Every structure is written in C-alpha cells, then in structure tokens.
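Basically my numbering = 1-based index in the sequence shown + 55.
Ideal Cβ positions, reconstructed from N, Cα and C, are used throughout, including at glycine.
Only a predicted model underlies this, so the values are computations on that prediction, with no experimental measurement involved.
See below for the structure under consideration.
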Amino acid sequence: MSAVYGWPYAPEANPLVTGSEIARLAGVTRAAVSNWRRRYDDFPTPTGGGVNSPLFDLAEVQAWLDRQSKGQEVSVEVQLWQALRGVYGDDMLGGLVHVARFLTEGEACEELPADVVRLARDLAESGGAAEAVSVLAERFTDSVRRAGSDQVTSPRVVRAVCHFAGEVAPDATLFDPACGIGSLLLAVGPEQGPRRCGQESDANRAMFAQLRADLTGRIGVGIVTGDSLRDDQWTDLKADLVVCDPPVGEPDWGREDLLLDSRWEFGTPSRAEGELAWLQHAYAHTVPGGRVLMVLPASVAYRKAGRRIRAELVRRGILTQVTALPSGTAASHALPVHLWQLRRPRTLGDAVTSVRMVDLTAGDPDGSLEPAPEQMAEVPLIDLLDDAVDLTPGRHVEDSHRDYAVEYRTLRRELTEQVRLLAELLPALVEGDGPSSLDGPTVSVADLARAGLVEYGDPEPVSISDQLDTDYLQGFLRSAANTRRSTSTSGTFRLDGKGARIPQMNVTEQRRYGAAFRALQEFEERARRVVELSRDAATLARDGLGNGALAPES
C-alpha cells in the first residue's frame with residue numbers, strides 16, 4: 056500500500072467502500088468515479104453490494120488511485136469510519152455510541168480498539184467533539200439511505216419538516232415519540248432554548264441521540280428508551296410541537312393490548328393502520344394550540360381502513376394541512392410521502408373550517424418547498440367528507456384549479472355535435488327480399504383463406520383480394536348466426552374462423568352491404584363516445600353546481 060495514504064491500522068479483513076466513499080478519498084465527484092469505471096479496464100471490480108450500489112475493496116481502490124496519481128491523503132474522518140466498519144460491521148450504530156460516549160466522558164470502553172480511540176481523538180481535536188459526532192451521524196445516515204432502509208430520517212425529510220414547522224418559540228416544548236438518532240428532534244426550532252423530549256424503542260439509537268444532544272451543548276434534552284405506543288414514558292407531557300417520522304407498515308403495533316386506550320380519540324386504528332395510531336399518540340401529547348407534524352406514507356390518505364379516523368380529524372377541524380412532498384424525499388424509495396399537520400383547538404370555536412392541500416410531487420426534492428399558487432388549494436371540510444374521505448393533495452389541488460365553466464361549455468358543445476353526427480351515421484335500411492342471407496349459398500372463411508382471398512388478422516380475418524370486400528366479410532362474421540357459433544358456453548365471444556360462413560355475392564353487392572356494415576360500426580363507436588361524454592358532462596355539472604363553480608342560467 057502506498058505511503059501517501061498513510062493507512063494507520065490493519066483490520067482483519069479489508070473493508071469495502073462505496074462509489075461515494077471513493078469520491079471522498081480522491082477528492083472528486085461521484086460522477087468522476089463512475090467515469091473512471093467506464094474508461095479504465097484496470098479499475099477494481101466490485102467485490103460486494105448490488106448492481107446499483109457496488110462495493111469495492113478499499114486496499115485495491117487505494118492502490119489504483121496511487122498508480123493513477125488520482126488520490127490524496129486519506130482524511131482522519133474517513134480513516135475513523137473505515138476503522139469502525141472493520142470492527143463493528145453491521146452494528147455501526149453500536150460503534151458510534153461507543154465513540155460518542157468516549158468523546159463525552161473521556162474514557163473508552165473495552166470494545167473500542169486503540170487505533171479507533173486515537174482516530175476519534177484526532178478528529179475531535181481538529182474540529183471539536185460535537186463536529187466529530189455530527190460528521191459520523193451524517194455518514195451513518197448516508198450509508199443507511201444507500202442501503203435502502205428507513206432506519207433513520209432522511210435529510211430531505213428533516214428539511215421539509217423544519218420548513219413547514221416554521222418559527223418555533225425559544226420556550227417551546229418539543230416532542231418526538233419515535234426519535235431514532237435524533238435527526239428531527241434536534242433539528243427543529245432554535246438550537247438553544249426549547250425543551251426537547253424524545254422516546255425511541257432501540258436503545259442504541261436513543262443513546263446516540265442523547266449523546267449527540269449533550270455533545271452539541273443543547274440544554275433541556277431528554278431521550279428515553281421504550282416503545283411509545285405500548286410503554287409511553289412521557290404520559291404527562293404536553294408539547295407545543297410534536298414532530299415524528301414513525302415506523303411504517305408494522306401490523307404488530309400493539310392493537311390487541313391497546314383496544315381501550317384513551318389516546319384513540321378519533322377511533323381505534325386497525326392492524327393495518329399503525330401510522331394512525333402514531334398520529335393519535337402524537338396528538339394526545341399536544342397542549343391547546345399545539346401542533347403535530349407527522350411524516351406519513353401517501354396511502355394513509357386514502358386507505359379504506361382509515362376512513363373513519365380521517366373523517367373525524369376533518370370533521371372536528373383538527374387537520375390543518377396535508378403536503379405531498381416531492382418524489383425522492385424519503386430515504387429508501389422514490390415514492391411520495393405526505394406531511395400531515397394537526398392543531399389542537401384552544402376552544403370549541405377555534406377549529407379550522409378548511410384544509411390546505413399542497414401538492415409538491417412534481418418538484419425537485421432538493422428545490423424550494425414554498426408552493427406556487429397552482430400547487431395548493433383551501434378545501435372546505437364538507438368537500439372532504441364524502442364516502443372515501445380521500446386526503447390526497449393532488450386530487451383536490453387539481454379540482455380546485457379546474458375551469459368548470461369552460462370545461463362544461465366544451466363538453467356540452469362536443470356532446471351536441473356527437474349526437475347530431477350519431478343520427479346521421481345510422482344507415483337507412485329497407486325491408487329485405489326474403490330469408491337470411493346465410494340460408495342461401497355460403498362459403499366458409501377457411502375456404503376463402505385456402506383460395507388466397509383472406510388472411511387471419513387480429514382480431515378478425517381481412518380480405519387480401521379485390522374480389523372480396525373486408526367490411527362485407529367482417530359484417531357477416533358478426534351476424535347472429537356466426538355470433539352464436541362463436542360464443543362459448545361461458546358467454547365469451549371467440550371468433551371461430553374455420554367454421555364461420557359468409558353469403559356468396561358479387562363484389563358490387565358486397566360493397567353495398569359493406570357500406571352499411573361500416574356505417575353501423577362507426578355508429579356504435581360514436582354511440583360509445585356519446586355515453587362517455589354524457590357521463591363526464593353530468594359529473595362535471597353536478598360537481599360544479601355543488602361547489603359553486605357553476606350556476607343555472609337565469
């Protein structure tokens with residue numbers, strides 16, 4: 056290994072690094088590393104990870120960087136992170152807790168190797184203990200995000216919650232009942248002043264969050280370990296602001312043990328609606344006038360099982376805003392997530408009368424979070440309390456910006472024209488000369504195919520000869536006799552190309568019948584369009600009359 060990198064320790068197994076970490080080693084962008092992989096045949100091949108997130112042997116990468124003169128001396132931060140990975144493996148959080156405790160108390164536990172202790176001390180001396188732990192927390196968050204896990208709250212979600220939380224009073228009480236490593240709880244509001252309370256079921260996460268708070272000098276931070284739903288450690292706490300990015304999709308959230316719990320003010324959540332249990336738990340910890348900002352999957356806004364609880368939140372004027380955040384905001388997937396905002400009324404007359412819907416799904420997850428006028432709508436409570444109680448912002452924002460009058464006029468004009476054309480398309484037919492055309496001389500489609508006059512198309516045969524009219528052919532194939540022959544006992548129509556028969560006629564007569572069949576086909580297609588337009592016009596008119604966008608002519 057080249058001395059220019061000065062690697063100070065030798066773990067039992069060579070640690071693996073990602074493309075992002077190689078970029079940090081070399082002082083370049085991730086795109087440059089991707090370019091090196093394409094251009095240089097001798098670039099180290101991945102030894103782990105997946106197609107989208109390959110892992111490389113650190114020693115091989117360092118040797119290659121040295122040969123190409125593309126490297127720089129490895130920073131203490133990188134050395135410490137790789138040392139921790141070599142010692143703790145998948146239990147990186149446990150390693151971070153040990154480092155943070157060492158930087159707080161000055162004494163290292165037995166699990167910390169001497170090299171790790173020295174690197175941690177060097178990092179703290181260069182930028183301070185608080186900065187050292189913040190850097191490690193950022194690296195941990197980045198590594199978890201790349202692994203596709205929801206173990207920590209993504210920086211984009213933190214930014215969005217801070218933005219919509221707005222100004223927080225210095226004397227406010229803040230609470231996060233699922234605080235993880237403290238990402239949300241420590242970020243919202245001014246750094247000093249607010250009292251911050253948190254609870255986390257994982258002991259290592261809770262400890263790391265508390266140590267982060269202590270090292271950054273925050274006063275009045277208390278984080279305890281325990282399952283907030285089953286074992287609430289803050290039963291008497293009432294907060295001015297509750298922020299939470301709760302566990303998602305956990306059916307075993309304790310419903311059977313908590314059926315009669317007083318926190319279910321808006322209804323007992325089903326097993327599939329654990330997120331609504333967290334939402335009500337957060338609301339139960341608010342003071343009058345207090346707020347809740349809860350990060351939730353988009354499906355919570357429309358799932359049938361949560362309809363009754365959503366209706367109660369709306370009916371009582373407690374839900375104030377639902378924001379659909381840009382795709383890619385969450386750490387582990389590109390699906391949109393919503394940010395629900397609740398407010399506990401101070402008095403009976405203090406409840407809201409509308410819910411602000413904000414749809415930012417088309418925006419850049421790293422761009423502005425300030426909605427444009429066309430991205431939001433104030434929706435009256437009555438308009439939300441239908442059978443579905445669908446709180447998806449996009450649906451309501453789109454409806455609120457519709458020009459009902461113009462749209463209705465356009466639909467009505469098109470419907471009028473289609474009805475006029477419909478009557479003209481129906482062919483004029485007279486009484487026939489006698490029995491069914493198929494009772495006279497006929498020929499099978501199979502014989503026509505063998506004669507080279509027909510080929511089997513999809514879904515119906517077509518003529519390939521000027522002796523046979525295609526509209527005539529297909530018209531008689533749909534006749535009652537052939538339809539009966541082609542319909543199975545289950546009622547499914549499936550053309551029997553071999554058994555179907557058509558009458559024998561000269562080509563002039565064929566074209567006369569073909570024109571009539573063609574007109575009927577166009578008539579049926581236009582009739583279907585008339586039905587669609589009629590339904591759309593009636594729905595639009597009813598909605599417009601109901602919401603005041605339309606009114607009867609005087």
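Residue environment, residue i, which counts as buried when at least 16 other CB atoms sit within 10 Å
| i | result |
| --- | --- |
| L595 | buried |
| A187 | buried |
| P70 | buried |
| R590 | exposed |
| E328 | buried |
| P381 | buried |
| G272 | exposed |
| G546 | Note on G546: pLDDT 49, under 50, position unreliable in the model; the coordinate value appears next. G546 is exposed by the Cβ-count criterion. |
| T384 | buried |
| G141 | buried |
| H218 | exposed |
| S247 | The sequence given here places Gln at residue 247; Ser does not occur at that position. With fewer than 16 Cβ atoms within 10 Å of its Cβ, Q247 is classed as exposed. |
| L658 | Outside the shown range of the chain (56 to 609) lies residue 658, about which nothing can therefore be said. |
| I274 | exposed |
| L390 | exposed |
| D419 | exposed |
| D295 | buried |
| M56 | Residue confidence for M56 is low, a pLDDT of 34 falling below 50, so the modelled location carries little weight; the figure read from the coordinates is stated next. Its Cβ having fewer than 16 others within 10 Å, M56 is exposed. |
| L266 | buried |
| R556 | buried |
| E486 | exposed |
| T208 | buried |
| F548 | Because F548 sits at a pLDDT of 44, beneath the cut-off of 50, its placement in the model cannot be relied upon, and the point is left open. |
| G61 | Low per-residue confidence applies at G61: pLDDT is 36, beneath 50, and the placement is therefore not dependable, though the value from the model is reported in the following sentence. Counting Cβ neighbours within 10 Å, G61 comes out exposed, since fewer than 16 surround it. |
| L415 | buried |
Whole-angstrom C-beta distance between residue j and residue i, which should lie under 8 angstroms
| i | j | result |
| --- | --- | --- |
| A604 | Y459 | 4 angstroms |
| R363 | L440 | Incorrect: roughly 11 angstroms between the Cβ atoms, too far for contact. |
| Q288 | V298 | Q288 to V298, Cβ: 17 angstroms. No contact. |
| G221 | L240 | Going by Cβ atoms, the distance from G221 to L240 rounds to 17 angstroms, so no, they are not a contact pair. |
| F572 | Q529 | 7 angstroms |
| S518 | L508 | 6 angstroms |
Candidates the options: closest to residue i by CA position
| i | options | result |
| --- | --- | --- |
| A570 | R401, E580 and P482 | P482 |
| I437 | E429, M431 and L446 | L446 |
| R457 | E479, K359 and Q430 | Q430 |
| D300 | Q559, S238, Q137 and T416 | S238 |
| F230 | Q473, L334, V413 and D307 | L334 |
| R79 | L120, T102, L470 and G103 | L120 |
| G367 | R401, P352, A353 and L331 | The residue asked about is misnamed: residue 367 is Glu in this sequence, not Gly. When only C-alpha atoms are compared, the closest one is L331. |
| V410 | T378, D257, G404 and E462 | T378 |
| V72 | P99, R93 and W91 | P99 |
| G104 | V461, S198, P448 and D414 | S198 |
| Y357 | V392, T323 and V342 | V392 |
| P558 | F578, A574, N537 and E577 | N537 |
| E469 | T196, E132 and V586 | V586 |
| G599 | Y463, L476, S534 and V517 | Y463 |
| T375 | P435, L284, L415 and D170 | P435 |
| G183 | V171, L158, L167 and P168 | L158 |
| V303 | V350, G345, D97 and P225 | V350 |
| L480 | A574, P210 and W319 | A574 |
| Q576 | R533, V347, W308 and K293 | R533 |
| S283 | W308, V276 and A268 | W308 |
Boundaries of the beta strand (DSSP E) in which residue i is found, first to last residue
| i | result |
| --- | --- |
| Q376 | L374 to A379 |
| I274 | No beta strand (DSSP E) holds I274; DSSP gives it neither H nor E. |
| E510 | V509 to Y511 |
| F321 | Taken as a continuous stretch (DSSP letters only), F321 belongs to no beta strand (DSSP E), as it is neither H nor E. |
| G344 | T341 to P352 |
| T497 | T497 to S499 |
| R556 | R556 to P558 |
| L229 | T228 to D231 |
| E462 | From DSSP, E462 is part of no beta strand (DSSP E) but of the alpha helix (DSSP H) over Y459 to L480. |
| L296 | A294 to C299 |
| S409 | S409 to D414 |
| S518 | P516 to S518 |
| A432 | M431 to P435 |
Where the alpha helix (DSSP H) containing residue i begins and where it ends
| i | result |
| --- | --- |
| S181 | A169 to G182 |
| E255 | Looking at the DSSP string, E255 is not in any alpha helix (DSSP H); the run it does join, the beta strand (DSSP E), is R250 to E255. |
| F572 | V562 to N602 |
| F157 | M147 to E160 |
| Q522 | Where Q522 is concerned, there is no enclosing alpha helix (DSSP H), given that its DSSP letter is neither H nor E. |
Cβ-heavy atom distance, residue i to the ligand NAD, below 7 angstroms
| i | result |
| --- | --- |
| R573 | Absent from the structure shown: the ligand NAD. Ligands present: none. |
Any C-beta of chain D under 8 angstroms from that of residue i
| i | result |
| --- | --- |
| D488 | Among the chains of the structure shown, chain D does not appear; only one protein chain is present. |
Q. Between the stretch 500–511 and the stretch 559–568, do three or more beta carbon pairs fall short of 8 angstroms?
A. no
Q: Check whether the stretch 212–231 touches the stretch 117–126, taking contact to mean three or more Cβ pairs, one atom from each stretch, closer than 8 angstroms.
A: no
Q) Does the stretch 311–319 touch the stretch 261–270, meaning 3 or more C-beta pairs lie closer than 8 angstroms? A) no
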